[in-house]
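The structure under discussion appears below in the form of structure tokens.
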Amino acid sequence: IVLDNTYLTRAARSYVGEAAERHRIRARCLWLDIPLAQAQVNLVERLLERFGSLPSPEELRRAARQEPGLLLPTSQMRTLRELEPPSTDEGFAAVEQVPFERAAPPDRPHAGVFVAAAALQRPSRLELGDPSAPHLVFDWRQDELADEVARLSSAVSGTVEGAICPHGGGPPSCWCRPPLPGLPLAFARKHGIDPARSVLVGVSPAHRTLAATLGARFVQSA
17 IVLDNTYLTR AARSYVGEAA ERHRIRARCL WLDIPLAQAQ VNLVERLLER
67 FGSLPSPEEL RRAARQEPGL LLPTSQMRTL RELEPPSTDE GFAAVEQVPF
117 ERAAPPDRPH AGVFVAAAAL QRPSRLELGD PSAPHLVFDW RQDELADEVA
167 RLSSAVSGTV EGAICPHGGG PPSCWCRPPL PGLPLAFARK HGIDPARSVL
217 VGVSPAHRTL AATLGARFVQ SA
């Protein structure tokens with residue numbers, strides 16, 4: 017018996033267990049367990065595959081009506097809150113927890129550097145890793161990052177691009193607001209970058225969280 021992620025609660029799974037019991041079938045549960053951060057990465061990768069770029073909040077809401085798996089960040093977080101982990105007292109003969117493991121993407125062999133715009137305001141020297149690697153400057157703001165991109169371009173030889181989340185405050189309605197992983201993942205997909213080989217330079221706990229989500233090495237800009 018295979019249950020998808022719509023069977024979040026004991027009540028939802030009870031009908032399956034009752035059917036198995038009626039047919040005298042031993043139901044074994046394989047629980048594919050995944051941390052929220054890795055589920056966020058998976059969902060963003062699906063969005064990039066589906067749209068070719070990060071969808072706006074309006075595009076995402078329209079698409080979610082037809083494809084329920086294309087969740088808003090708030091919907092995914094609500095799903096985690098509602099999850100009731102499966103247990104043998106539900107009638108399963110056994111429950112085997114299988115942790116999620118991310119394989120290295122074979123088509124993304126390169127390293128990159130993700131730089132929070134605030135890190136470029138600090139007076140200390142930035143540990144940017146390979147200066148010839150592609151660099152992304154990112155921020156949550158309305159204004160473009162032309163000055164920051166120009167400043168970093170003068171210090172490194174690799175491609176430098178800027179990306180912003182321009183959307184308003186409140187609960188996130190998009191996947192591009194840091195520390196959600198949308199901006200770095202879109203950049204990584206474009207340039208064949210493996211985030212786990214990369215460096216993220218930041219100044220805040222949110223930037224550290226983003227680095228952990230990506231599997232990137234975090235460098236604190238003092």
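45 is the number that my numbering gives to position 29 of the sequence shown; each next residue is one higher, with no gaps. C-beta atoms are modelled at their ideal positions from N, C-alpha and C, and glycine is treated no differently.
Three-state class that DSSP yields for residue i in the structure shown
i: F67; result: helix
i: F116; result: coil
i: V111; result: strand
i: E177; result: strand
i: H223; result: helix
i: G198; result: helix
i: L24; result: coil
i: G218; result: strand
i: D159; result: coil
i: D123; result: coil
i: D105; result: helix
i: L152; result: strand
i: A171; result: coil
i: A43; result: coil
i: L48; result: strand
i: A232; result: coil
Distance, residue j Cα to residue i Cα
i: R66; j: S72; result: 13 Å
i: S220; j: Q158; result: 20 Å
i: S69; j: R42; result: 44 Å
i: R44; j: V114; result: 13 Å
i: Q54; j: R224; result: 15 Å
i: C190; j: L216; result: 21 Å
i: H183; j: V235; result: 27 Å
i: F3; j: T229; result: Beyond the ends of the chain as shown, which are 17 and 238, falls residue 3; an answer cannot be given.
i: E160; j: I180; result: 7 Å
i: L201; j: S30; result: 38 Å
i: P84; j: R167; result: 42 Å
i: T25; j: A35; result: 17 Å
i: R193; j: G33; result: 40 Å
i: T95; j: L52; result: 10 Å
Closest residue to residue i among the options (Cα-Cα distance)
i: S214; options: P182, A227 and W47; result: A227
i: F130; options: Y23, A27 and G231; result: G231
i: G145; options: A127, A135, A132 and A133; result: A127
i: L87; options: T25, N58 and E112; result: N58
i: W47; options: L201, Y23 and E34; result: Y23
i: A204; options: L64, L136, S30 and E75; result: L64
i: A222; options: H151, A28, A135 and A166; result: A135
i: V111; options: R78, D49 and C192; result: D49
i: S237; options: A133, S148 and V176; result: A133
i: A79; options: T95, R62 and T175; result: R62
i: V176; options: P187, P147, R40 and W156; result: P147
i: E74; options: P188, R233 and G218; result: P188
i: R138; options: R40, G218 and Q82; result: G218
Status (buried if at least 16 other CB within 10 Å, exposed otherwise) for residue i
i: P89; result: buried
i: E164; result: buried
i: P125; result: exposed
i: H151; result: buried
i: P185; result: For the sequence presented, residue 185 should be read as Gly rather than Pro. Flag for G185 reads exposed.
i: L76; result: buried
i: P162; result: Looking at the sequence shown, residue 162 is not Pro but Ala. Result: exposed.
i: Q56; result: buried
i: A28; result: exposed
C-beta neighbour in chain C for residue i, strict 7 Å
i: E37; result: The displayed structure is made up of one protein chain only, and chain C is not part of it.
- Message: Between the segment 204-213 and the segment 98-106, can you find at least three pairs of beta-carbon atoms closer than 8 Å?
- Response: no
- Query: Are at least three pairs of beta-carbons, each pair with one atom in the segment 159-176 and one in the segment 188-197, less than 8 Å apart?
  - Reply: no
- Can we say the segment 118-129 touches the segment 94-104, given the rule of at least three CB pairs closer than 8 Å? no
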